[in-house]
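Single-structure report; data block below.
Residue numbers (my numbering): 7 to 107.
Right, dumping it as C-alpha cells:
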C-alpha cells in the first residue's frame, strides 16, 4: 500500500491508465455500454437512453467517460494560492446505477 509520500505525476498517470484499462475490460466483460462523451454534452440525457426496461434491474447500466480540465494549484508562503486551468484534459468516469422503477 502506498501513501501520499509517493504521490507524484508519474504515479498518478500510471494509476489513471490502469483504472481506465480495468473499467474498459469490466464494461466489455459484463456487456455494459461505455460511452465516450464530448465535454459539453449533458450526460444525464445520454444515460436516459440506456435505462433498462426491466423493472427489477438493479446494477450499473452504463458508464459515461467525459473530459475535464486539469487544474494546477500553487500555494504561497503568505497563505495565498493560485489556481490555473491547464491545457491537458483528464478523463472522468461516471457510473450510472439503476435500482428499478
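All C-beta atoms in this analysis are idealised placements derived from N, C-alpha and C, irrespective of residue type, glycine included.
{"query": "DSSP bridge partner residues for residue 30 (one or two, in chain order)", "result": "In the DSSP output, where bridge partners are listed per residue, residue 30 has none listed."}
{"query": "Exposed unless 16 or more other CB atoms sit within 10 angstroms - verdict on residue 74", "result": "exposed"}
{"query": "Any 3 or more C-beta pairs closer than 8 Å across the segment 58 to 68 and the segment 30 to 42", "result": "yes"}
{"query": "Residue 52 - containing alpha helix (DSSP H), residue span", "result": "49 to 54"}
{"query": "Where residue 18 falls, given that 16 or more other Cβ within 10 Å makes a residue buried", "result": "exposed"}
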